[in-house]
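Positions in the sequence shown are counted from 1; adding 63 to them yields this note's numbering. Even glycine gets a Cβ: it sits at the ideal position worked out from N, Cα and C. Okay, structure first, notes after.
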Amino acid sequence: MMEIVFKNFWILFILFTIINVFIIKKKVEKYIVDNPEKENGYKLIIKNFLIFSIIPWVIIGIGNSLGLTNSVFEYLQPAKMNPIVLIFHFSIIMIWIMLFRFIFFKNGAKFLENHPGVITIKSIGNVNENPSEKTIKFFIAITLIGGIVGMTLMWFIEIPFPNFK
Numbered sequence: 064m065m066e067i068v069f070k071n072f073w074i075l076f077i078l079f080t081i082i083n084v085f086i087i088k089k090k091v092e093k094y095i096v097d098n099p100e101k102e103n104g105y106k107l108i109i110k111n112f113l114i115f116s117i118i119p120w121v122i123i124g125i126g127n128s129l130g131l132t133n134s135v136f137e138y139l140q141p142a143k144m145n146p147i148v149l150i151f152h153f154s155i156i157m158i159w160i161m162l163f164r165f166i167f168f169k170n171g172a173k174f175l176e177n178h179p180g181v182i183t184i185k186s187i188g189n190v191n192e193n194p195s196e197k198t199i200k201f202f203i204a205i206t207l208i209g210g211i212v213g214m215t216l217m218w219f220i221e222i223p224f225p226n227f228k
């Protein structure tokens with residue numbers, strides 16, 4: 064049973080991404096009613112979120128479906144140089160580069176600030192559906208740094224995982 068779950072988990076992540084898109088659409092409806100001229104901006108954000116969020120899961124799905132990997136855990140071991148795992152990691156790095164460029168060099172943080180409800184920042188006792196440009200840049204930077212650290216650790220630390228055939 065667990066083998067089936069680990070082999071097909073990518074389908075769940077695609078479903079979770081689609082559900083998240085519907086949640087975001089529902090959250091931003093009130094902002095679109097107040098500012099209908101921003102509807103196209105919201106559509107662009109949601110479309111790009113959906114596309115770029117699904118790409119890594121589709122790559123995993125291709126790898127698993129074609130038998131290029133034995134389990135999901137192989138994607139956590141890029142140093143073993145499995146080509147589909149490397150493509151997966153390359154896709155994530157490219158998404159990070161595009162996100163960094165958009166947020167910091169293409170006024171993406173300002174664009175997101177002007178489209179409240181897309182990014183929600185939660186802290187103790189506080190929910191902010193309209194973070195400032197600086198706050199968005201800060202959280203994106205922290206998120207990217209965390210991702211880079213995590214990916215770097217995957218290259219240098221080998222954790223034993225079960226091997227499903």
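For residue i, list the residues DSSP reports as bridge partners.
{"i": "residue 103", "result": "In DSSP, residue 103 forms no bridge with anything."}
{"i": "residue 185", "result": "190"}
Whose C-beta lies closer than 6 angstroms to the C-beta of residue i among residues of the same chain, with five residues either side of it excluded?
{"i": "residue 135", "result": "69, 72"}
{"i": "residue 126", "result": "132, 147"}
{"i": "residue 224", "result": "136"}
Report yes if the C-beta distance between residue i and residue j is below 9 angstroms; otherwise report no.
{"i": "residue 132", "j": "residue 118", "result": "no"}
{"i": "residue 113", "j": "residue 158", "result": "no"}
{"i": "residue 150", "j": "residue 210", "result": "no"}
{"i": "residue 173", "j": "residue 196", "result": "yes"}
{"i": "residue 191", "j": "residue 200", "result": "no"}
{"i": "residue 175", "j": "residue 187", "result": "no"}
{"i": "residue 116", "j": "residue 83", "result": "yes"}
Leaving out the 5 sequence neighbours to the left and right, which residues in its chain are closer than 8 angstroms to residue i when beta-carbon positions are compared?
{"i": "residue 121", "result": "73, 77"}
{"i": "residue 101", "result": "94, 95, 177, 178"}
{"i": "residue 218", "result": "141, 142"}
Cutting at 7 angstroms between CB atoms, please list the residues of its own chain near residue i, excluding the five before and the five after it.
{"i": "residue 163", "result": "207"}
{"i": "residue 152", "result": "141, 214"}
Run the CB neighbour count on residue i, radius 10 Å, all protein chains shown included, and call it buried at 16 or more, exposed below.
{"i": "residue 129", "result": "exposed"}
{"i": "residue 213", "result": "exposed"}
{"i": "residue 99", "result": "exposed"}
{"i": "residue 203", "result": "buried"}
message: If contact is defined by three or more beta carbon pairs under 8 angstroms, each pair taking one atom from either stretch, is the segment 171 to 189 in contact with the segment 98 to 112?
response: Taking a cut-off of 8 angstroms for Cβ pairs, the segment 98 to 112 and the segment 171 to 189 touch, as three or more such pairs fall below it.
message: Within 8 angstroms, do at least three Cβ pairs link the segment 140 to 149 to the segment 81 to 93?
response: Two segments are said to touch when three or more pairs of C-beta atoms, one from each, lie closer than 8 angstroms; by this definition the segment 81 to 93 does not touch the segment 140 to 149.
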